[in-house]
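Asker: I have a structure I would like to understand better, so I am pasting it below and will then ask my questions one at a time.
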Amino acid sequence: MGMVYLKQNKGGVNFPAILFHEGLNCRAYEYFGVHRQGEKYVFRMWAPNAFQVNLILYIDSVSRQFKMNKITESGIWEVYIYTNEHKSENTFACKSLENVCYRYKIIAGLGTFLKNDPFSFSFSNERNCTVINTKFSFSFTDHHFMYHRFKTGDKKSNYPRNFNVLQIDLSEFAKSLGHDRIDYRLIARVLVPYVKRMNFSHVLLKSVNKCTKLSDQRSFSCLLFSPEGYFGAFDDVRYLINKLHRRSVSVIVDLCLPFFANDEYGLSRFSGRHIFDLPIEDPINTKFQGVRRFDLGKPEVVSYLTSAVFYWLEKMHADGVSLAYTDAFYYRDCVFDHDEHKISVKRYRSDNPEGIRFLHNLNTLIKKELPYNYVISERELYLTKGISRNSDQNVGFDFGFFEGWISDFSKALTPGQSQRFSSLFNESYILHALEGDLTQSKESLINKLLYCGDLYAVLRVIKVIQMTLPCKKSHLMGDDFGQLRLKDLDVTSREENEDNFFRHLYSCFISSINKWYRYDGCLFDRTGGFNVIKNQSEDIVAYECFSAEGSRLLVAINMSAESIRNVVLPAKIGSEYYKTVINTNEQRFGGRGGMTLGKCRVRKKTWDFEIEIPPMTAVLLRPEFSLD
């Protein structure tokens, strides 16, 4: 049975509450929380173990409590609050309740607890409490983008044609700007032109709703529906997403669904007992008191988490969501490493059927209700590749990050390994390079290339490999491999700082190859084939890839510190000229220059051609025209 939702009660039956308790309400945020209905405000919350619940409203130095009514046996509480325009018992001496802070006072058998609203759209970091925000002043103007996404989307595969995503941690981005106080609108003024200049097609926003009050738990959310209050309110996030959409940049939001911060006013022991988190002594809860895990066996928790995903996709116009720490959905025996912010799975893994079922139902529902949105797993998909796509156990993610691709690429560079390439690199994987992949892996291709001594030449070569493999692309802002820091992009003269000058040239290379991939390199989506080319030199790596429509691209790489002549590459029968698409050794990219490959004549007897590749250089070649 799929999730459904009815906005209004019919025949005296409270359908939203019934579906919430059954785990089938995927838009619970439209029922719970605070909503304005004419001249009154309605507050609803879930506290099944409470004897009494009071609403506390704070304005300036005045606070007032209102007793809430229990409207269902399963613990849903409700109260209507009027402003001073209406004479009633539940009247607050204020013309409007907008931007007023509030909490719930929950009286249960184990004591009295002050809790924030789990379904609140706004959160105040200064007062650490939720804020009433029902009147949104900003409206989206990205109708052209949304219509284009609807027309060009593929319901069957759900794959965007271009997927070159830049991951941005908003906290780190704010630090790079050098501002003590920053909001989403200022971020938009800097980020939007930056992303367009670098020709990225997607932006993955991290830290959008993480907890900033607890400095040692910054990766975990206090409230899934409330954007990061330190950078602005609900309307400011919509402004940032709208600006990116207006410039044809898709937006992905990073969400942490398995865990939440153990805040005093948060979800932990919400009504005196564990109603959101696991009641048992979970390994992750016992080792780190500041982190709790959601209990996915409870239907109300399933409705809560599913509604959070739908909220960001529908109300915030996000094009996709990325689920962090997805290993916690698959395995019970996993521990969170606070220092490295990683999930480590114990040697003896125990399956988590509730988590697998939740992921399967969530992805199935999104494909049915929101076919033009997609869900990304932080976990590598090939670990569960044996699961059938139509099986009930299949979780159904659209994409998954592939962080170990550099070493696998090096191992697969032997003749006759085209089939291995096809299994390792396909459109479901997102190639993501970490700094450790560049320096720590002894078997990696990077380790061999670093002997040349020119770091930027190595980075350009690896960038070409990443952009030509038939996978989606991912980059982290702030590292040398993916992207540069903003302060490095202002250098224009070599005399000021030589290192920054070459970093600036490398940035120009990133922009150029991203532009080629976005507007001219679409043959790697829905690939038609991949072939490793055997060559006479061990220092030469060559491969060719094909699109489903028959387009062809040749990639040749010189991994040595010397120029290699007479590199033989196969030609497509009937093609007389090959054109250089990308040459990493050009002077405008920071290379040595002095050599332009240009067009290469095909030897008609053997249907191959010879080229000379400069040291530590990658070249992309394609047929310019055919004689047929």
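Heads up: the sequence shown runs through residues 6 to 633, numbered per my numbering. From the three backbone atoms N, C-alpha and C, an ideal C-beta is built for every residue, glycine too.
Quick check on D613: does DSSP put it in helix, strand or coil?
Answerer: What you label residue 613 is simply residue 608 of the sequence shown in a count that begins at 1. Here D613 sits in strand by DSSP.
Asker: Sort out for me which residues DSSP pairs F71 with in a bridge.
Answerer: Reading the sequence shown from its first residue, position 66 is the one you call residue 71. L60, per the DSSP bridge assignment.
Asker: Just verifying my parser: in three-state terms, what is the DSSP assignment at A576?
Answerer: Stepping through the sequence shown from its first residue, residue 576 is reached at position 571. Coil.
Asker: For N54 versus R251, is the C-beta spacing smaller than 8 Å?
Answerer: Reading the sequence shown from its first residue, position 49 is the one you call residue 54. Reading the sequence shown from its first residue, position 246 is the one you call residue 251. No. Outside cutoff.
Asker: Which residues does DSSP list as the beta-bridge partners of D356?
Answerer: As a position in the sequence shown, residue 356 is number 351, starting the count at 1. Its beta-bridge partners are Y336.
Asker: Between G114 and the rest of its own chain, which residues show a CB-CB distance below 8 Å, the 5 nearest in sequence each way excluded?
Answerer: In the sequence shown, the residue the question calls residue 114 occupies position 109. Same-chain partners within the cutoff: N54, F56, G277.
Asker: Label H148 either buried or exposed according to how many other C-beta atoms from any shown protein chain fall within 10 Å of its C-beta, with 16 as the threshold for buried.
Answerer: Here the question's residue 148 lines up with position 143 in the sequence shown. Result: exposed.
Asker: Which residue from P376, L272, N588, M621 puts its Cα closest to that of F118?
Answerer: Position 113 of the sequence shown, counted from the first residue, corresponds to residue 118. When each option's Cα is compared against that of F118, the closest is L272.
Asker: Would you mind giving the Cβ-Cβ distance between K477 and F404, rounded to the nearest angstrom? I have them listed as a contact below 8 Å.
Answerer: Here residue 477 corresponds to residue number 472 of the sequence shown, with the count starting at 1. Here residue 404 corresponds to residue number 399 of the sequence shown, with the count starting at 1. Indeed, because the Cβ distance is near 6 Å, the residues count as touching under 8 Å.
Asker: At a Cβ threshold of 8 Å, is F150 touching chain C?
Answerer: No chain C appears in this structure, which consists of one protein chain only.
Asker: Could you tell me the alpha carbon to alpha carbon distance between W410 and F430, rounded to whole angstroms?
Answerer: Here residue 410 is taken as the residue at index 405 of the sequence shown, counted from 1. Here residue 430 is taken as the residue at index 425 of the sequence shown, counted from 1. Distance between the alpha carbons of W410 and F430 is about 8 Å.
Asker: Tell whether a beta-carbon distance below 8 Å holds between A333 and P284.
Answerer: As a working mapping, residue 333 is identified with position 328 in the sequence shown. As a working mapping, residue 284 is identified with position 279 in the sequence shown. Cβ distance not < 8 Å, so A333 and P284 don't count as in contact.
Asker: Return the first residue and the last residue of the alpha helix (DSSP H) that V213 is part of.
Answerer: Walking along the sequence shown from the start, residue 213 turns up at place 208. First-last for V213: undefined, no H or E at that position.
Asker: DSSP state of A33, grouped into three classes?
Answerer: For the purposes of this step, residue 33 is identified with residue 28 of the sequence shown, where counting begins at 1. In the structure shown, A33 sits in a helix (DSSP, three-state: H, G or I).
Asker: Answer with buried or exposed for V572, where buried requires no fewer than 16 other C-beta atoms within 10 angstroms of its C-beta.
Answerer: Counting from one through the sequence shown, the residue named residue 572 turns up at place 567. Classification of V572: buried, given that the 10 Å Cβ count is 16 or more.
Asker: Does the beta-carbon distance from I173 to L229 come in below 8 Å?
Answerer: Taking the first residue of the sequence shown as position 1, residue 173 is located at position 168. Taking the first residue of the sequence shown as position 1, residue 229 is located at position 224. For I173 and L229, no; Cβs fall outside 8 Å.
Asker: Going by DSSP, what residue range makes up the beta strand (DSSP E) through S382?
Answerer: Sequence index remark: in the sequence shown, residue 382 carries index 377 (1-based). Per DSSP, S382 belongs to the beta strand (DSSP E) from 379–382.
Asker: By DSSP, does A179 sit in helix, in strand, or in coil?
Answerer: Residue 179 sits at position 174 when you count from the first residue of the sequence shown. Residue state, collapsed to three classes: helix.
Asker: Assign V546 to one of three DSSP states: helix, strand, or coil.
Answerer: In the sequence shown, residue 546 corresponds to position 541, counting from 1. V546 falls in the strand class under three-state DSSP.
Asker: Taking 8 Å as the threshold (C-beta atoms), are K120 and F275 in contact?
Answerer: Your numbering for residue 275 matches position 270 in the sequence shown. Your numbering for residue 120 matches position 115 in the sequence shown. Cβ distance < 8 Å, so F275 and K120 count as in contact.
Asker: Among N519, I435, D122, R108, which has the Cα closest to the Cα of F407?
Answerer: By one-based count along the sequence shown, residue 407 stands at place 402. Of the listed residues, the one whose Cα sits closest to F407 is I435.
Asker: Does DSSP classify R190 as helix, strand or coil?
Answerer: Counted from its first residue, the sequence shown places residue 190 at position 185. In this structure, R190 counts as helix in the three-state DSSP scheme.
Asker: Assuming F363 and L301 are in contact, meaning their beta carbons sit under 8 Å apart, how far apart are those beta carbons, in whole angstroms?
Answerer: Counting from 1 along the sequence shown, the entry for residue 363 is found at position 358. Counting from 1 along the sequence shown, the entry for residue 301 is found at position 296. Confirmed, Cβ separation roughly 5 Å.
Asker: I'd like the list of long-range same chain contacts for F71, defined as Cβ closer than 7 Å, with 5 residues on each side in sequence excluded.
Answerer: As a working note, residue 71 is residue 66 in the sequence shown. N59, L60, V84, I86, N95, listed in sequence order.
Asker: With H, G and I counted as helix, E and B as strand and the rest as coil, what does DSSP make of M482?
Answerer: Translated into the one-based positions of the sequence shown, residue 482 becomes position 477. Coil at M482, not helix or strand.
Asker: From what residue to what residue does the beta strand (DSSP E) around E83 run?
Answerer: Here residue 83 refers to the residue found at position 78 of the sequence shown. Where E83 is concerned, the enclosing beta strand (DSSP E) stretches over 81–87.
Asker: Within this structure, are the beta carbons of E432 and P376 separated by less than 8 Å?
Answerer: The sequence position of residue 432 within the sequence shown is 427, counting from 1. The sequence position of residue 376 within the sequence shown is 371, counting from 1. The answer is no: Cβ separation not under 8 Å.
Asker: Please go through the same chain and pick out, in chain order, the residues whose beta-carbon is closer than 7 Å to the beta-carbon of A193, but skip the five residues on each side of it.
Answerer: Translated into positions along the sequence shown, residue 193 becomes position 188. Answer for A193: Y244, L245, K248, listed in chain order.
Asker: With DSSP as the reference, identify every bridge partner of R41, one or two as the case may be.
Answerer: Walking along the sequence shown from the start, residue 41 turns up at place 36. Looking at the DSSP assignment, R41 forms a beta bridge with Y46.
Asker: With G38 and S142 assumed to form a contact (beta carbons below 8 Å), what rounded beta-carbon distance in angstroms separates them?
Answerer: Start at 1 with the first residue of the sequence shown, and residue 38 comes out as number 33. Start at 1 with the first residue of the sequence shown, and residue 142 comes out as number 137. Their Cβ separation, rounded to whole angstroms, is 19 Å, which puts G38 and S142 out of contact at 8 Å.
Asker: With a CB to CB cut of under 6 Å and the five nearest residues on each side skipped, what residues in its chain are close to E4?
Answerer: In the structure as shown, the chain begins at 6 and stops at 633. Residue 4 is therefore absent and cannot be evaluated.
Asker: Going by beta carbon distance, what residues of the same chain come within less than 8 Å of V466, once the five residues before and after it are set aside?
Answerer: Taking the first residue of the sequence shown as 1, we reach residue 466 at position 461. Once the five neighbours on either side are set aside, the close Cβ partners of V466 are L454, I562, M564, T589, M621, T622, A623.
Asker: State the Cα-Cα distance for the pair A22 and Y270, rounded to the nearest angstrom.
Answerer: Along the sequence shown, read from residue 1 onward, the residue named residue 22 stands at position 17. Along the sequence shown, read from residue 1 onward, the residue named residue 270 stands at position 265. Going by the C-alpha atoms only, they are around 24 Å apart.
Asker: I'd like to check one pair, G595 with F507: are the Cβ atoms closer than 8 Å?
Answerer: Translated into positions along the sequence shown, residue 507 becomes position 502. Translated into positions along the sequence shown, residue 595 becomes position 590. Yes, these two residues count as a Cβ contact at 8 Å.
Asker: Which two residues bound the contiguous beta strand (DSSP E) that contains L558?
Answerer: Position 553 of the sequence shown holds residue 558. Start and end: 557–563.
Asker: Count the other C-beta atoms from every protein chain shown that fall within 10 angstroms of the C-beta of G116, then say buried if there are 16 or more, exposed otherwise.
Answerer: One-based indexing of the sequence shown puts residue 116 at position 111. Classification of G116: exposed, given that the 10 Å Cβ count is below 16.
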